[in-house]
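Read through the structure below, which is laid out as structure tokens, and then see the notes.
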Amino acid sequence: MYSIKTKLTFGCVISLVVFGLILIGHGDALKNPDSLVGAWLLDGDTNDASGNDHHGELSGGAEWIAGKHGMAVDFPGLGDTVQITGFGNIIPSEEITILGWARIDELVNQDYFSLEPLEVGNRGRVTSHMPWDNAVHWQFGSPFTGTPPAGIDDSIVGSWEHWAFTHSVAENRMAIFRNGEEASSNDTSAAFENAEANFHIGGRLGNSFAGAVDEFAIFNAVLGADEITALMNDGIMAHIGGATAVDRSGKAATTWGHLKALK
């Protein structure tokens, strides 16, 4: 016969698993490895860790420094970016999440990431100004739609903060998340029409980012706040784990990873 202690322990474990699975249902993108388009960990190189081989290259100079998860890239001068050549042809055009850590070193008008050129013909924009007139902007689609600016001040200078940018044609919504909390949102129905263009982490040519970037990733789905927070806290590879072609959504290790992140 089972003791009362054994029954209570078993009941607590079952309750924890059920509660965790309910929380997992709030966001599904991390359960599907195929949702990850590119992951640039910036741990001393500009390789894509997603398995999709969208490797970047340094345009200009850069320095490798300690980041939030491993190393990070610091952009010391104008024109220093990580360029992913031809990425405008495959960047998600309707459902997208772009996220990463950023350390702003100067409150000047600049870009955090952008397609190059800024206006890709008549096909729109995929860019974040960070900041522009002391606010963070998120612009997507054609004609491009933007969120209301998320205001920042001098207190952000020199500090690492996590930013995520989502856009959904299906949900008619785009949003900015700052350190896991929604900072701004807007209604939108604009899609981006894929076109020949290069993607830049750390601004764009002639308007690069005065600061540092770490753990940058792009998904072809809209991540929920719980998923964004999990990636922010634990690092991308704690949840993607190398991004193989095997679907890990039902594996115990993946479920436990979500439970740890969402508790």
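Each residue of the sequence shown is one higher than the last, beginning at 2 in this note's numbering.
Ideal placement from N, C-alpha and C gives every residue a C-beta, glycine not left out.
No experiment lies behind these values; they were computed from the predicted model shown.
Cβ neighbour criterion (16 or more within 10 Å) applied to residue i
i	result
E228	buried
G101	buried
S160	exposed
S51	buried
I241	buried
G62	exposed
D125	It should be noted that the sequence gives Gly, not Asp, for residue 125. Flag for G125 reads buried.
Proximity winner among the options, relative to residue i (alpha-carbon distances)
i	options	result
E96	V170, S186, P144 and I241	V170
L79	G89, S60 and I91	S60
E194	I237, P144, L31 and E64	P144
F217	E162, S190 and A176	E162
V137	D46, V127, G125 and I153	I153
I157	Q111, D106, E172 and T86	D106
E172	T189, N180 and W164	T189
C-beta atoms of residue i and residue j nearer than 7 angstroms
i	j	result
V38	I219	yes
G89	D215	no
G225	F76	no
A192	S94	yes
S185	P149	yes
N199	E117	yes
F166	S129	yes
A30	A222	yes
F296	Y113	Because the chain here runs from 2 to 264, residue 296 falls outside it and cannot be looked at.
E183	A176	yes
Residue i Cβ short of 6 angstroms to the ligand GTP heavy atom set
i	result
E64	Absence of the ligand GTP is noted for the structure shown, with no ligands found whatsoever.
Collapsed DSSP secondary structure at residue i in the structure displayed
i	result
E95	coil
M131	coil
S143	coil
I229	helix
S156	helix
G78	coil
C-alpha gap between residue i and residue j, whole angstroms
i	j	result
D134	V109	8 angstroms
E58	L232	24 angstroms
Q84	G207	13 angstroms
V121	I91	14 angstroms
N268	R205	Coverage of the chain is limited to positions 2 through 264, which leaves residue 268 absent and any answer about it impossible.
I23	D81	Low confidence applies here, because I23 scores a pLDDT of 32, under 50, leaving its location unreliable; read the following figure in that light. Distance between the alpha carbons of I23 and D81 is about 44 angstroms.
M238	N53	15 angstroms
F141	G147	7 angstroms
T98	H168	7 angstroms
H55	D44	16 angstroms
V127	H201	10 angstroms
N187	W139	10 angstroms
K32	G236	16 angstroms
A213	W41	13 angstroms
N234	H70	9 angstroms
I66	L119	28 angstroms
Proximity test, Cβ basis, 7 angstroms: residue i and chain C
i	result
E117	Checking the listed chains, one finds no chain C in this structure; it contains a single protein chain.
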